[in-house]
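Residue numbers (the numbering used here): 684 to 955.
Laid out in C-alpha cells, this is it:
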C-alpha cells in the first residue's frame with residue numbers, strides 16, 4: 684500500500700507591511716484562502732473547505748480537509764516589510780493534485796485583498812508542486828527504538844480527554860485512522876489491514892522518555908466571535924519495542940499531521 688500526496692510551496696512578496704501573529708500563521712493563511720475561494724469559485728470552496736461523506740453516520744458526515752499548511756518556520760510570527768519575501772508550504776491529499784493550481788490562483792489574489800490583522804497586501808511571485816509517495820510496507824530489519832519530534836502544537840484525544848503525554852498506542856491509532864480516511868476520500872481507498880490488531884501491537888510499544896511542554900494559543904472566529912484553542916504539546920518522545928511496521932505510518936504522518944486542527948499546521952511531526 685502507498686500514500687500519495689502533493690507538496691506545495693508558495694513564495695510571497697510583501698507589497699505592504701504584512702504581520703502574522705505568533706502561533707497563528709496557519710490559521711491566518713487558511714482564513715485568507717477560504718475567503719478567496721468562496722468569492723471566486725464556490726465549487727472549489729466546497730471541495731476544499733466543506734467536504735462531506737455521502738450518507739455517513741452521525742458524527743462522520745464532516746470529512747477531513749484534503750490539505751494541511753506547513754508553516755513551522757512562521758510559528759514565531761512574521762513581520763515582512765514591502766519588498767521582503769516569505770515562504771510557506773501546503774500538503775495536498777487529492778491524488779490527482781488538481782487543487783494545487785486552485786490554491787495558487789487564490790493566493791494570487793492576496794495582492795489585492797491582503798492578509799493578516801492589518802490586511803497587508805502580498806503578491807505571489809512563485810509556486811511549485813511536487814507529487815510525493817510514501818510506501819506503507821513494513822521496513823526490513825529489526826527496529827527496537829525510535830524518536831519522534833512534535834514540531835508544532837499537537838493535541839491528541841484519548842482516554843476520555845486530551846493526552847498529556849504522547850502514548851504510542853493512541854498516537855498510532857490516530858495516525859492509522861487519519862491516513863485511512865484520507866486515502867478513502869481522496870486516494871486509492873481505505874487501508875487494508877486489521878485495525879484492531881494493529882492497535883494492539885502499537886499499544887505494546889513503550890514510551891521510554893519524553894521532553895514535551897505545553898504551548899497555549901487561541902484564535903477568535905470572525906463569524907461567531909467565539910474563541911478556539913490553538914495550543915498543544917511540542918517537544919520529543921522516545922519509544923521502545925517492535926517498531927518496524929510503524930515507521931512508514933510515522934513517515935506519512937509527517938506530511939498529514941496528527942490530532943486536532945491539522946489543517947492549520949498543528950500536529951506536524953518528524954522522525955528523529
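Backbone N, C-alpha and C fix where the C-beta goes; we use that ideal spot for every residue, glycine too.
- Task: Assign residue 840 to one of three DSSP states: helix, strand, or coil.
- Result: If you number the chain shown from 1, residue 840 lands on position 157. Here residue 840 sits in strand by DSSP.
- Message: Please tell me whether residue 713 and residue 813 are closer than 8 Å, where the distance is taken between their beta carbons.
- Response: As a working mapping, residue 713 is identified with position 30 in the chain shown. As a working mapping, residue 813 is identified with position 130 in the chain shown. Result no, Cβ atoms of residue 713 and residue 813 do not sit closer than 8 Å.
- Hey, residue 807 and residue 757 are a contact pair by Cβ (cut 8 Å); roughly how many whole angstroms apart? Working through the chain shown from its first residue, we reach residue 807 at position 124. Working through the chain shown from its first residue, we reach residue 757 at position 74. Residue 807 to residue 757, Cβ: 16 Å. No contact.
- Task: Write down the C-beta distance between residue 889 and residue 924 rounded to the nearest angstrom, noting that I regard them as a contact closer than 8 Å.
- Result: Here residue 889 refers to the residue found at position 206 of the chain shown. Here residue 924 refers to the residue found at position 241 of the chain shown. Right, their Cβ atoms sit about 6 Å apart.
- Helix, strand or coil for residue 784 per DSSP? Sequence index remark: in the chain shown, residue 784 carries index 101 (1-based). It is helical.
- So, helix, strand or coil for residue 703, using DSSP? Position 20 of the chain shown, counting from 1, holds the residue named residue 703. For residue 703, the secondary structure class from DSSP, reduced to helix, strand or coil, is strand.
- Item | Which residues DSSP lists as bridging residue 807, in chain order | Within the chain shown, residue 807 is the residue found at index 124, counting from 1. In the DSSP output, where bridge partners are listed per residue, residue 807 has 695.
- Message: Give me, in chain order, the residues of the same chain whose beta-carbon lies closer than 8 Å to that of residue 827; leave out the 5 immediate sequence neighbours on both sides.
- Response: Reading the chain shown from its first residue, position 144 is the one you call residue 827. Closer than 8 Å at the Cβ level, and outside the excluded window around residue 827, lie 923, 924, 925 and 926.
- Query: How would you call residue 849, buried or exposed, if buried means at least 16 neighbouring beta carbons within 10 angstroms?
  - Reply: Start at 1 with the first residue of the chain shown, and residue 849 comes out as number 166. Taking every protein chain shown into account, the CB of residue 849 has 16 or more other CB atoms within 10 angstroms, so this residue is buried.
- Tell me which same chain residues have a C-beta within less than 6 Å of the C-beta of residue 684, skipping the five on either side of it? What you label residue 684 is simply residue 1 of the chain shown in a count that begins at 1. The residues 819, in chain order, have a CB closer than 6 Å to that of residue 684 in the same chain once the five nearest residues on each side in sequence are set aside.
- When you compare each of 699, 917, 776 and 881 to residue 821 by their alpha carbons, which one comes out closest? On the chain shown, residue 821 is found 138 positions in, with the first residue counted as 1. Taking residue 821 as reference, the option from 699, 917, 776 and 881 with the minimal CA-CA separation is 881.
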